[in-house]
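Peer 1: For the sequence shown, full-length UniProt numbering gives the first residue as 23, with consecutive numbering after it. One structure, pasted below without further comment.
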Amino acid sequence: VTISHSNNRVAAVLPTGESIEVLLFGATIVSWKDAKGVEKLWVSEAAKTDGSKAVRGGVPVVFPVFGTAPDHAATSKLPQHGFARTSRWEFLGKSTSESSSTSGGGDDSVKLDFGLSPSNLSEESRKAWPSEFGLIYSVTLGRGNLSTSLVVRNEGDAAWEFQTLMHTYFRVGDIAKVEITGLEKSQYLDKLTTPIPSTATSPSSTLTIAKATDRVYSPAGGPEAPVAIKEGGNEKFSIVRDNLNEVVVWNPWEAGAKSLADFAPKDGYKEMICVEAGAVKGWVKLEGGESWEGGQIITAL
Ligand code: TA6
Numbered sequence: 023v024t025i026s027h028s029n030n031r032v033a034a035v036l037p038t039g040e041s042i043e044v045l046l047f048g049a050t051i052v053s054w055k056d057a058k059g060v061e062k063l064w065v066s067e068a069a070k071t072d073g074s075k076a077v078r079g080g081v082p083v084v085f086p087v088f089g090t091a092p093d094h095a096a097t098s099k100l101p102q103h104g105f106a107r108t109s110r111w112e113f114l115g116k117s118t119s120e121s122s123s124t125s126g127g128g129d130d131s132v133k134l135d136f137g138l139s140p141s142n143l144s145e146e147s148r149k150a151w152p153s154e155f156g157l158i159y160s161v162t163l164g165r166g167n168l169s170t171s172l173v174v175r176n177e178g179d180a181a182w183e184f185q186t187l188m189h190t191y192f193r194v195g196d197i198a199k200v201e202i203t204g205l206e207k208s209q210y211l212d213k214l215t216t217p218i219p220s221t222a223t224s225p226s227s228t229l230t231i232a233k234a235t236d237r238v239y240s241p242a243g244g245p246e247a248p249v250a251i252k253e254g255g256n257e258k259f260s261i262v263r264d265n266l267n268e269v270v271v272w273n274p275w276e277a278g279a280k281s282l283a284d285f286a287p288k289d290g291y292k293e294m295i296c297v298e299a300g301a302v303k304g305w306v307k308l309e310g311g312e313s314w315e316g317g318q319i320i321t322a323l
């Protein structure tokens with residue numbers, strides 16, 4: 023494994039050619055390439071990577087609130103999706119592993135750890151959410167897979183609660199050929215119907231995307247049931263979750279893409295789909311000193 027660490031990003035390449043790049047800003051994965059150098063994530067050509075706003079693409083980390091929560095006092099002053107994706111994380115180091123099966127071909131996975139604590143936050147974020155916390159975000163690149171997991175720790179005495187989500191922008195060839203499977207029996211909230219219904223709807227078939235889509239699914243099969251992104255009938259990605267009970271599916275479509283200044287090219291909505299693993303329904307409560315972990319394993323097929 024080769025690791026390079028500038029003061030803004032960490033990159034890792036496996037001996038077999040797979041690679042990732044992670045910005046310290048937001049600990050945002052901005053590139054994941056397979057052994058042939060094919061990019062798996064979508065990043066807008068107008069994405070800001072200078073820290074001026076959350077990266078439009080890759081895998082932004084949403085914490086401690088998903089969306090905005092005006093009626094949740096403790097997080098009501100936070101910006102949309104919280105402060106994790108717009109804070110500067112620390113690179114804590116890397117570890118590699120070589121499974122016994124490799125014929126001495128060198129490392130077949132590398133884990134990069136990133137940390138965030140109150141000392142990394144802007145004054146504004148601290149004021150908006152003064153809780154004592156610690157985050158360790160691990161990004162593991164394997165042969166044909168990428169996993170991300172977050173440890174959340176309450177470093178204070180008082181209990182507090184949070185939501186978290188990994189806002190993954192998957193790259194696809196043509197959204198018209200995409201189906202998402204594994205959600206057929208799942209209830210979902212459609213965030214585009216106003217008012218957002220309190221009751222959820224149960225879809226009957228695999229999900230295809232032909233218009234603006236913004237849905238919060240609670241997959242019936244539980245976190246271990248894989249959600250897959252197919253294109254032209256072939257599985258491109260499979261996502262398995264750990265302790266993240268919801269899956270958000272989002273595509274801004276044409277008007278949405280036009281309305282987002284940092285979304286480029288404007289027809290880029292045809293080449294991306296967000297399938298986001300998260301704990302976003304209700305709140306995870308941590309007593310003082312308690313920790314929580316959740317994550318996702320994405321297999322690129
Ligand atoms: O992906 C779900 C979602 O909450 C959508 O409602 C949309 O707002 C998207 O996140 C992007 O949010 P952002 O703050 O990154 O523009």
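All residues carry an ideal CB built from backbone N, CA and C; glycine is no exception.
If you check the beta carbons only, do Glu257 and Leu229 fall under 8 Å apart?
Peer 2: Along the sequence shown, one-based indexing puts residue 257 at 235. Along the sequence shown, one-based indexing puts residue 229 at 207. By the CB criterion at 8 Å, Glu257 and Leu229 fall outside the cutoff.
Peer 1: On the DSSP letters alone, give me the boundaries of the alpha helix (DSSP H) that residue 325 sits inside.
Peer 2: Examination of residue 325 is not possible in this model, given that the chain is present from 23 through 323 alone.
Peer 1: Output the distance between the C-alpha atoms of Thr71 and Pro82, rounded to the nearest integer angstrom.
Peer 2: Here residue 71 is taken as the residue at index 49 of the sequence shown, counted from 1. Here residue 82 is taken as the residue at index 60 of the sequence shown, counted from 1. Roughly 12 Å between the two C-alpha positions.
Peer 1: Which residue marks the beginning of the beta strand (DSSP E) containing Trp54, and which one marks its end?
Peer 2: Looking up residue 54 in the sequence shown gives position 32. Per DSSP, Trp54 belongs to the beta strand (DSSP E) from 50-55.
Peer 1: Is Ala277 near ligand 1, judged by its Cβ being under 7 Å from some heavy atom?
Peer 2: On the sequence shown, position 255 is the one that residue 277 refers to. No - ligand 1 has no heavy atom lying nearer than 7 Å to the Cβ of Ala277.
Peer 1: Can we count Gly79 as close to ligand 1, meaning its CB is less than 7 Å from some heavy atom?
Peer 2: Translated into the one-based positions of the sequence shown, residue 79 becomes position 57. No, Cβ of Gly79 sits at least 7 Å from all heavy atoms of ligand 1.
Peer 1: Start and end of the beta strand (DSSP E) containing Ser169?
Peer 2: Here residue 169 corresponds to residue number 147 of the sequence shown, with the count starting at 1. 167-176 is the extent of the beta strand (DSSP E) around Ser169.
Peer 1: Quick check: the Cα distance between Pro92 and Trp64, rounded to an integer number of angstroms?
Peer 2: Here residue 92 corresponds to residue number 70 of the sequence shown, with the count starting at 1. Here residue 64 corresponds to residue number 42 of the sequence shown, with the count starting at 1. When rounded, the distance between both Cα atoms is 30 Å.
Peer 1: Do you know whose CA, among Arg237, Gly254, Asp264, lies nearest Ala247's CA?
Peer 2: In the sequence shown, counting from the first residue as 1, residue 247 sits at position 225. Here the closest residue by C-alpha is Asp264.
Peer 1: How far does the alpha helix (DSSP H) with Ala148 in it reach, from first residue to last?
Peer 2: Here residue 148 refers to the residue found at position 126 when the sequence shown is read from its first residue. A small correction: the amino acid at residue 148 is Arg; Ala does not occupy that position in the sequence shown. 145-150 is the extent of the alpha helix (DSSP H) around Arg148.
Peer 1: Below 7 Å, is the gap between the Cβ of Lys233 and the nearest heavy atom of ligand 1?
Peer 2: Sequence index remark: in the sequence shown, residue 233 carries index 211 (1-based). It does not: the Cβ of Lys233 is nowhere closer than 7 Å to a heavy atom of ligand 1.
Peer 1: Take Tyr191 as the anchor and find which of Gly48, Ala68, Arg78 has the nearest alpha-carbon.
Peer 2: Here residue 191 refers to the residue found at position 169 when the sequence shown is read from its first residue. The shortest C-alpha to C-alpha distance from Tyr191 to any of Gly48, Ala68, Arg78 is the one to Arg78.
Peer 1: Does the distance from the CB of Thr50 to the CB of Gly80 come in under 8 Å?
Peer 2: The residue labelled residue 50 in the question sits at position 28 within the sequence shown. The residue labelled residue 80 in the question sits at position 58 within the sequence shown. Their beta carbons are under 8 Å apart, which means Thr50 touches Gly80 by this criterion.
Peer 1: Given Ile231, which residues of its chain have a CB within under 7 Å of its CB, disregarding the five upstream and five downstream residues?
Peer 2: One-based indexing of the sequence shown puts residue 231 at position 209. For Ile231, where only same-chain residues beyond five positions count, the Cβ hits under 7 Å are Ile197, Val200, Asn273, Ile295.
Peer 1: Should Gly300 and Phe88 be called a contact, given that it needs their Cβ atoms to be closer than 8 Å?
Peer 2: Numbered from its first residue, the sequence shown carries residue 300 at position 278. Numbered from its first residue, the sequence shown carries residue 88 at position 66. Yes. Within cutoff.
Peer 1: For ligand 1, any of its heavy atoms closer than 7 Å to the Cβ of Lys303?
Peer 2: Stepping through the sequence shown from its first residue, residue 303 is reached at position 281. Checking every heavy atom of ligand 1 against the Cβ of Lys303, none is found closer than 7 Å.
Peer 1: Would you say Phe113 and Phe85 are within 8 Å of each other, going by their C-beta atoms?
Peer 2: Sequence index remark: in the sequence shown, residue 113 carries index 91 (1-based). Sequence index remark: in the sequence shown, residue 85 carries index 63 (1-based). No, the Cβ-Cβ distance between Phe113 and Phe85 is not below 8 Å.
Peer 1: What is the DSSP secondary structure of Thr228, counted as helix, strand or coil?
Peer 2: The sequence position of residue 228 within the sequence shown is 206, counting from 1. Under the three-state reduction of DSSP, Thr228 is assigned to coil, being neither helix nor strand.
Peer 1: Here's the rule: buried if 16 or more other CB atoms are within 10 angstroms of the residue's CB, otherwise exposed. What is Glu298?
Peer 2: Numbered from 1 along the sequence shown, position 276 holds the residue referred to as residue 298. The residue is buried, with at least 16 neighbouring Cβ atoms inside 10 Å.
Peer 1: DSSP on Trp305, reduced to helix/strand/coil?
Peer 2: Mapped onto the sequence shown, residue 305 falls at position 283. Here Trp305 sits in strand by DSSP.
Peer 1: Quick one: using the 10 Å Cβ neighbour count with 16 as the cut-off for buried, is Pro245 buried or exposed?
Peer 2: The sequence position of residue 245 within the sequence shown is 223, counting from 1. Burial call: buried.
Peer 1: Using only the alpha-carbon positions, how far apart do Gly166 and Gln318 sit?
Peer 2: For the purposes of this step, residue 166 is taken as residue 144 along the sequence shown, with counting starting at 1. For the purposes of this step, residue 318 is taken as residue 296 along the sequence shown, with counting starting at 1. So the alpha carbons of these two residues sit roughly 14 Å apart.
Peer 1: Which residues does DSSP list as the beta-bridge partners of Ile202?
Peer 2: If you number the sequence shown from 1, residue 202 lands on position 180. DSSP lists Leu229, Ile251 as partners of Ile202.
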